[in-house]
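Student:
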Amino acid sequence: MNPIDRALGILLLLSGGKLVSATTLSDRFGVSLRTIYRDVERLIELGVPVEAERGAEGGYRLARGYHQPPVALTRRETAALLVALAFVRSLQTTPLAGDLQTAERKLVAALPGSAKDLLGRAERIIGIEPLPVDVFHASTEAAPAREWQAALDGFMDGILSGCRVRFDHQSPARGGELRPHEVEPYGVLFDRNLWYLAGRSVDADDLRLYRADRVRNLVVSGLRFRPPREFSVEALMGGAWLSRAMRRWAEEDGLAEIRVTAEQARRLSQDWYYRHALFTPDGTGRVRVRLAATSADRLYPLVRWLGPGAELVAPEDLRQGLADELAALADRHRDTSR
1 MNPIDRALGI
11 LLLLSGGKLV
21 SATTLSDRFG
31 VSLRTIYRDV
41 ERLIELGVPV
51 EAERGAEGGY
61 RLARGYHQPP
71 VALTRRETAA
81 LLVALAFVRS
91 LQTTPLAGDL
101 QTAERKLVAA
111 LPGSAKDLLG
121 RAERIIGIEP
131 LPVDVFHAST
141 EAAPAREWQA
151 ALDGFMDGIL
161 SGCRVRFDHQ
171 SPARGGELRP
181 HEVEPYGVLF
191 DRNLWYLAGR
201 SVDADDLRLY
211 RADRVRNLVV
221 SGLRFRPPRE
231 FSVEALMGGA
241 WLSRAMRRWA
251 EEDGLAEIRV
261 TAEQARRLSQ
271 DWYYRHALFT
281 PDGTGRVRVR
291 LAATSADRLY
301 PLVRWLGPGA
311 ELVAPEDLRQ
321 GLADELAALA
331 DRHRDTSR
């Protein structure tokens with residue numbers, strides 16, 4: 001990378017308003033600290049108001065109120081934005097969808113003619129296949145609804161304004177009952193075609209996640225709050241949010257137990273959802289799998305999928321119900337009159 005491109009890259013990184021350390025810049029561009037110091041001095045000589053703060057937590061940033069001139073996009077940069085926009089449009093719902101459309105129109109208006117031509121061909125050259133229906137985890141599917149979009153937009157407004165939000169949340173585990181919640185919104189998380197709202201429940205005084213499609217009547221209150229500096233939505237990634245939620249569901253709604261073979265446990269531990277269950281070897285070569293799912297529509301398909309060797313131990317009433325269902329299935333397959 002030549003010095004001009006590197007200086008432009010530094011300028012773009014500093015435009016975020018946060019302090020960026022010289023070490024971070026050195027690692028980002030693969031050059032020495034001495035080179036970074038020279039690049040920053042060059043920007044200052046060109047009239048760019050770069051501010052420096054000393055100390056262990058110091059770094060560089062642009063002076064408040066400084067506006068960069070428009071940056072012309074190359075065709076490759078334009079194409080990269082097209083891919084990102086196409087991906088976002090493929091989602092059933094996205095936060096601030098209306099604002100995204102106006103932002104795209106402003107972007108198009110600022111682009112040179114060649115880039116606009118590329119935008120006009122975007123739908124013909126870029127395609128994003130949506131995620132197929134997950135039949136095995138039917139309860140993780142959601143249909144788009146106006147309430148879903150309103151919940152996402154309102155939650156984002158709460159984040160941007162630093163204000164609490166109030167809403168009703170629908171819980172399938174409680175027969176679809178709506179329960180009121182007051183939450184300090186911290187962030188949003190997209191996972192397997194669903195949006196989750198992350199924030200501190202005021203009543204529980206704990207970080208909770210709420211499925212956006214189950215949120216109703218969300219309003220932004222006038223009560224301001226200060227989000228904790230240590231919060232990062234990255235800490236919830238990799239299924240960490242689901243593991244955390246399953247432990248809480250177990251405390252609130254109890255656990256189901258399935259006894260399986262070691263091979264079945266291995267297969268189940270590879271599933272994106274059931275790998276967060278509790279796996280405990282019982283000393284006989286089999287494994288006890290305890291999970292926060294106590295409904296027939298979730299447990300019966302799971303045991304049938306696992307096949308011989310799997311045994312539903314609890315809840316007892318569902319164990320008997322599954323036995324009756326499997327007996328009827330066996331009778332149907334013994335029927336030789338067909």
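If you read the sequence shown in the UniProt record's numbering, its first letter stands for residue 1, the second for the next number, and so on.
Cβ coordinates follow ideal geometry from the N, Cα and C atoms, glycine included.
Source: prediction; values computed, not measured.
Residues in the same chain with beta-carbon distance under 6 Å from I159, minus the five sequence neighbours each way, listed in chain order, please.
Tutor: The answer, listed in chain order, is P185.
Student: Which word fits R211, buried or exposed, when buried means at least 16 other C-beta atoms lie within 10 angstroms of its C-beta?
Tutor: Buried: at least 16 other Cβ atoms inside 10 Å.
Student: Just to check my reading of the structure: P95 and M156 have Cβ atoms closer than 8 Å, yes? What is that Cβ distance to the nearest angstrom?
Tutor: At roughly 5 Å, the Cβ-Cβ gap stays under 8 Å, so P95 and M156 are in contact.
Student: Based on DSSP bridge pairs, tell me the residues matched to Q170.
Tutor: Paired residue(s): L178.
Student: Do P315 and A256 have their CB atoms nearer than 8 Å?
Tutor: Yes.
Student: Note the first and the last residue of the continuous alpha helix (DSSP H) segment covering E147.
Tutor: R146 to S161 is the extent of the alpha helix (DSSP H) around E147.
Student: Check whether the Cβ atoms of V260 and A277 lie closer than 8 Å to each other.
Tutor: Contact: no.
Student: Give the single residue among Q170, L306 and V219 whose Cα lies nearest to the Cα of Y274.
Tutor: Residue L306 is the option with its Cα nearest to Y274.
Student: What three-state label does DSSP hand P228 in the structure shown?
Tutor: The answer is coil: DSSP assigns P228 none of H, G, I, E or B.
Student: Following the continuous beta strand (DSSP E) through W195, name the residue where it begins and the one where it ends.
Tutor: L194 to S201 is the extent of the beta strand (DSSP E) around W195.
Student: Once DSSP output is grouped into helix, strand and coil, what is the label at P308?
Tutor: In this structure, P308 counts as coil in the three-state DSSP scheme.
Student: Using the Cβ count rule (16 or more neighbours within 10 Å means buried), how would you classify R214?
Tutor: So R214 counts as buried.
Student: What would DSSP say about R42, mapped onto helix, strand or coil?
Tutor: The answer is helix: DSSP assigns R42 an H, G or I state.
Student: I need the boundaries of the beta strand (DSSP E) containing I258, first residue and last residue.
Tutor: I258 -> beta strand (DSSP E) spans A256 to T261.
Student: How long is the line joining the alpha carbons of R28 and V88, rounded to whole angstroms?
Tutor: One C-alpha to the other measures close to 27 Å.
Student: Report the start-end ranges of each alpha helix (DSSP H) in the UniProt domain "HTH deoR-type" (3-58) that is 4 residues or longer and not cut off at the edges.
Tutor: Whole alpha helix (DSSP H) segments, 4+ residues: 3-14, 22-29 and 33-45.
Student: Ends of the beta strand (DSSP E) at T280?
Tutor: Counting along the chain, the beta strand (DSSP E) containing T280 begins and ends at L278 to P281.
Student: Helix, strand or coil for L73 per DSSP?
Tutor: If DSSP states are grouped into helix, strand and coil, L73 belongs with coil.
Student: How would you label H169, buried or exposed, when you count the other beta carbons within 10 angstroms and need 16 or more for buried?
Tutor: Looking at its Cβ environment, which holds 16 or more other Cβ atoms inside 10 Å, H169 is buried.
Student: Can you give me the Cβ contacts of G44 inside the same chain, cut-off strictly under 6 Å, excluding the 5 residues immediately before and after it?
Tutor: Just to set this straight, residue 44 is Ile in the shown sequence, not Gly. So the list reads V50, once near-sequence residues are dropped.
Student: Using only the alpha-carbon positions, how far apart do P308 and L207 sit?
Tutor: Straight-line Cα distance between these residues: approximately 40 Å.
Student: In the DSSP output, which residue or residues are listed as bridge partners for R302?
Tutor: Note that residue 302 corresponds to Leu in the displayed sequence, not to Arg. L302 pairs with nothing; no bridge assigned.
Student: What number of angstroms, rounded off, separates the C-alpha of G238 from the C-alpha of D191?
Tutor: So the two alpha carbons sit approximately 10 Å from each other.
Student: Look at the alpha carbon of L318 and the alpha carbon of A327, and state the distance between them as a whole number of angstroms.
Tutor: So the alpha carbons of these two residues sit roughly 14 Å apart.
Student: Quick check: does the Cβ of L189 come within less than 7 Å of any heavy atom belonging to the ligand ZN?
Tutor: Looking for the ligand ZN in the displayed structure turns up nothing, as the structure carries no ligands at all.
Student: With 16 other CB atoms within 10 Å as the buried threshold, where does L62 fall?
Tutor: Flag for L62 reads buried.
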